[in-house]
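To start, the structure under review is shown below, and the notes come after it.
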Amino acid sequence: MGNRREMRMKVPQKLSVRVAALILVIAVVLVMAPRPGGRAYALEIKARAAVLMDYESGRIIFSQNPDVQLPPASVTKLMTMLLIAESIDSGRAKWDDLIRTSKNAAGMGGSQVYLREGEEMTLAEMTKAIAMVSANDASTAVAEYLYGSVELFIQKMNQRAQELGLKNTNFQNEHGLPDPKHYSSAHDLALIARELIRHPKILEWTSTWISYLRDGEFFLRNTNDLIQSYRGADGLKTGHTEEAGYCLCATAEVEGLRFISVIMGAETNQVRVDESTKLLNYGFRNFARAAVASQG
């Protein structure tokens, strides 16, 4: 009889353990952790400002003057391309929409694809021109098409900046040509880039080295040399004016780990490439994604 009572007492205990096991949910969370064998070291970046961000978590791995307001030059077009991609997502536009070039767009200076007044290209073609060769004329044509005027497009740029929590950014134009009231920061640009990377169509163009427009008659060569020299690099946007210096927001993914780097105010194109390489190397050599079990 005693043994039977003991057995009766044990059954509920076993059931409770099973129930508890069902209730306990183990979730595997991927977090940034120092890479085994990695050796952290001090970074010296030759630029006015710099940031290295882990894409997945948004964690800042390295920063140098991250919140200083600086002219971003054509890295501005990260936001221009983000609004384009989100217009596609919302149904406001389609990639095969034909855009007619206005006189205003055709008259844009700086980097361009020499759009002629009245010339038509698809939204996809113009976005490719923006992504690969930083076309100011295409940026203006797209801004006018999507929101009816450049002014309304810029309002949307600043609205989106607020939504993303950007504290040191103000846009005065869609292309990044100099304006005293047009500025951003390395941290803010990394945040825009993180949002933009969610759109694979944009990465398809920012990672393309050579392409063409106008039925193969107009040659495009990507302004971002890093996509040729760095393993896993697939973007993102260059910029240069006398005021801004040489800027580059870059991104690379290797074995499922992605980093975003931002360089602002480098002295030359080669310096911005070298310093971006230095930042990305720091991330990939010293950090890895680690699985951590958590109760949920």
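My numbering puts the first residue of the sequence shown at 67, with every later residue one more than the last.
Using N, Cα and C, we set each Cβ at its ideal position, and we do this for glycine too.
Values in this document were obtained by computation on a predicted structure and should not be read as measured data.
Assigned secondary structure, residue i (DSSP; H/G/I helix, E/B strand, else coil)
i: S281; result: Reading the sequence as shown, one finds Asp at residue 281 and not Ser. Three-state DSSP puts D281 in coil, outside helix and strand.
i: N236; result: strand
i: L257; result: helix
i: S200; result: coil
i: T334; result: coil
i: E210; result: helix
i: I150; result: helix
i: E183; result: coil
i: I165; result: strand
i: R355; result: strand
i: T304; result: strand
i: A252; result: helix
i: I126; result: strand
i: A159; result: coil
i: V190; result: For the record, residue 190 in the displayed sequence is Ala; it is not Val. Of the three classes helix, strand and coil, the one that applies to A190 here is helix, per DSSP.
i: A299; result: strand
i: L218; result: helix
i: L269; result: helix
i: L243; result: coil
i: L345; result: helix
i: E229; result: helix
i: N389; result: Residue coverage of the chain in this structure runs from 67 to 362, which leaves residue 389 outside it and unanswerable.
i: L292; result: helix
i: L262; result: helix
i: A108; result: coil
Distance, residue j Cα to residue i Cα
i: G214; j: G331; result: 33 Å
i: A209; j: E240; result: 7 Å
i: I165; j: N288; result: 22 Å
i: K233; j: E122; result: 21 Å
i: K267; j: S342; result: 23 Å
i: V179; j: A299; result: 24 Å
i: T274; j: T188; result: 18 Å
i: A354; j: G124; result: 14 Å
i: G282; j: Q130; result: 42 Å
i: G349; j: I154; result: 33 Å
i: R114; j: R338; result: 11 Å
i: S156; j: A108; result: 44 Å
i: R280; j: R351; result: 42 Å
i: S277; j: L230; result: 32 Å
i: N335; j: K160; result: 34 Å
i: N347; j: G311; result: 23 Å
Supposed close pair residue i, residue j - CB separation, criterion 8 Å
i: Q237; j: A227; result: The amino acid at residue 237 is misidentified as Gln; the sequence shows Phe. Between A227 and F237 the Cβ distance is about 7 Å, and since that is below 8 Å, they are a contact.
i: I111; j: L345; result: 7 Å
i: T167; j: E185; result: 5 Å
i: L118; j: F325; result: 6 Å
i: G301; j: T272; result: 3 Å
i: T372; j: P137; result: Because the chain here runs from 67 to 362, residue 372 falls outside it and cannot be looked at.
i: I263; j: L269; result: 7 Å
i: A190; j: D162; result: 7 Å
Which residues DSSP lists as bridging residue i, in chain order
i: M223; result: In DSSP, M223 forms no bridge with anything.
i: V339; result: Paired residue(s): none; V339 is not in a bridge.
i: V328; result: V117, C315
i: V320; result: L323
i: S177; result: DSSP lists no partner for S177.
i: L144; result: Beta-bridge pairing links L144 to no other residue.
i: I276; result: R287
i: L136; result: S250
On the three-pair Cβ rule with 8 Å, is the stretch 251–271 touching the stretch 327–342?
yes
If you pair each beta-carbon of the stretch 221–232 with each one of the stretch 191–203, do three or more pairs fall below 8 Å?
no
Counting Cβ pairs closer than 8 Å, one from the stretch 256–269 and one from the stretch 308–327, do we hit at least three?
yes
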